[in-house]
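Quick notes on the structure that follows.
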Amino acid sequence: MYLAVFFGLLFGLIFVSNDSYTSYSELNSGVGMVFMSSLFNSMAVFQSVMPLTCAERESFYRERASQTYNAFWYFMASTLAEIPYCFISSLLFVVIFFFMVGFSGFETFILFWLGVSLLVVMQVYLGQFFAYTMPSEEVAQIIGVLFNSIVMMFVGFSPPAYAIPSGYTWLYDICPVKFPTSILISLVFADCDNLPTWNETTQSYENIGSQLGCQPMADAPETVGHITIKEYTEEYFGFVHDKIPRNFGILIGIIVLFRIWAALALRFINHQKK
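Using mature numbering (1 follows the signal peptide of the UniProt record, and there is no 0), the letters of the sequence shown correspond one by one to residues -18 to -1, 1 to 256.
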């Protein structure tokens, strides 16, 4: 939890002077800020859960050999024990970070907290899965870092979704980190109930709403042209606001899938066998 507070203060202080994200450079910095802050949080718990899980694995083998308890109940305990920690630590991070960087809205805050919490839960369960399947903590750490390094390249931020080569789009489609990242970024940068209309005569937008996503993007490159914050976020990064409910559903499904894999690994893999 100390790391959650630290990351909240770290990213909050770095971007505390930003009172808007309406220019090309500010928007790209803002998207990168949300991506990196969520990445730091999730990777911190991912790396910290594996040593604990590997240390507990030895006692689990011993207790299971003596038929003290079933593997299912150990699995349920390890599943439920992490949930309060993940949600509370994420709340500490979001309370500090969200308002310091200039975001607003109670509903957006709650959904942002939920998105960060589920991302952290997913990474915790993924770390446990690698700890159960790999023969040692060192191997689990290496494979886990390799896995996350690969999936982070296909989140849709760098390179942006539109620039991913067609031969690699299937990796983008199945990237588990893409869904929580899309939730977080689209919540704050792609929220606009009614897009403004472009007036060709005056070469300006009309009926501009108050939401951040409705604002025209200033200093856009000529190759981009006139575009709103919402349109740029959705078209270039692929983080679509209307897909937030769908992404929440997929994210929960991924978490369940990781737990099923972990349960199977816990039940059928025993690294004490010679």
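Every residue, glycine too, gets a C-beta built ideally from N, C-alpha and C. This one's a predicted model, so the numbers in the text were calculated from it and none came from an experiment.
**Asked** Counting along the chain, where does the beta strand (DSSP E) carrying residue 188 start and finish?
**Response** Against the sequence shown, residue 188 aligns to sequence position 206. Per DSSP, residue 188 is one residue of the beta strand (DSSP E) stretching across 186 to 188.
**Prompt:** Under the three-state reduction of DSSP, which class applies to residue 181: helix, strand or coil?
**Reply:** Position 199 of the sequence shown holds residue 181. Three-state DSSP puts residue 181 in a strand.
**Asked** Whose C-beta lies closer than 6 angstroms to the C-beta of residue 215 among residues of the same chain, with five residues either side of it excluded?
**Response** Locating residue 215 in the sequence shown gives position 233, where the first residue counts as 1. Around residue 215: 171, 172 and 221.
**Span separating the alpha-carbon of residue 116 from that of residue 42** = Numbered from 1 along the sequence shown, position 134 holds the residue referred to as residue 116. Numbered from 1 along the sequence shown, position 60 holds the residue referred to as residue 42. So the two alpha carbons sit approximately 15 angstroms from each other.
**Message:** Helix, strand or coil for residue 33? Go by DSSP, reduced to three states.
**Reply:** Locating residue 33 in the sequence shown gives position 51, counting from the first residue. Look at residue 33 here: in three-state DSSP terms it is helix.
**Request:** Assign residue 163 to one of three DSSP states: helix, strand, or coil.
**Result:** Start at 1 with the first residue of the sequence shown, and residue 163 comes out as number 181. Residue 163: helix per DSSP, three-state reduction.
**Item:** Alpha-carbon to alpha-carbon, residue 183 and residue 158
**Value:** Translated into the one-based positions of the sequence shown, residue 158 becomes position 176. Translated into the one-based positions of the sequence shown, residue 183 becomes position 201. Approximately 45 angstroms, taken between the alpha carbons.
**Alpha-carbon spacing of residue 30 relative to residue 37, whole angstroms** = In the sequence shown, residue 30 corresponds to position 48, counting from 1. In the sequence shown, residue 37 corresponds to position 55, counting from 1. If you take the alpha carbons of residue 30 and residue 37, they lie about 12 angstroms apart.
**Request:** Identify, in the order they occur along the chain, each residue of the same chain with its Cβ nearer than 6 angstroms to the Cβ of residue 219, setting aside the five sequence neighbours on each side.
**Result:** Against the sequence shown, residue 219 aligns to sequence position 237. Excluding positions up to five away in sequence, the list reads 138, 142 and 143.
**residue 98 to residue 4 span [Cα, whole Å]** = Taking the sequence shown and counting its residues from 1, one reaches residue 98 at position 116. Taking the sequence shown and counting its residues from 1, one reaches residue 4 at position 22. If you take the alpha carbons of residue 98 and residue 4, they lie about 24 angstroms apart.
**residue 228 versus residue 194: straight-line alpha-carbon distance, rounded** = As a first step, residue 228 must be located in the sequence shown, where it is residue number 246. As a first step, residue 194 must be located in the sequence shown, where it is residue number 212. If I take the Cα positions, the gap works out to 22 angstroms.
**Coarse secondary structure for residue 71, derived from DSSP in three states** = One-based indexing of the sequence shown puts residue 71 at position 89. Three-state DSSP puts residue 71 in a helix.
**Message:** With distance defined between alpha-carbon atoms, name the residue in 150, 75, 254 and 39 nearest to residue 132.
**Reply:** Numbered from 1 along the sequence shown, position 150 holds the residue referred to as residue 132. Selected option, being the one with the closest Cα: 150.
**Message:** What does DSSP give as the partner residue(s) for residue 59 in the beta ladder?
**Reply:** By 1-based counting over the sequence shown, the position of residue 59 is 77. Its beta-bridge partners do not exist; DSSP assigns none.
**Message:** Please list the terminal residues of the continuous alpha helix (DSSP H) segment that includes residue 197.
**Reply:** In the sequence shown, the residue the question calls residue 197 occupies position 215. No residue range can be given for residue 197, since it is assigned to no alpha helix (DSSP H) and is classified by DSSP as neither H nor E.
**Item:** Every unbroken alpha helix (DSSP H) inside the stretch 68 to 126 [4 residues or more]
**Value:** For the stretch 68 to 126, whole alpha helix (DSSP H) runs of length 4 or above, ordered along the chain, are 88 to 115.
**Prompt:** Out of curiosity, what's the CA-to-CA distance linking residue 113 and residue 32?
**Reply:** On the sequence shown, residue 113 is found 131 positions in, with the first residue counted as 1. On the sequence shown, residue 32 is found 50 positions in, with the first residue counted as 1. Taking the straight line joining both Cα atoms gives about 6 angstroms.
**Item:** Buried or exposed by the 16-neighbour rule on C-beta atoms within 10 Å, applied to residue 60
**Value:** Your numbering for residue 60 matches position 78 in the sequence shown. With 16 or more other Cβ atoms within 10 Å, it is buried.
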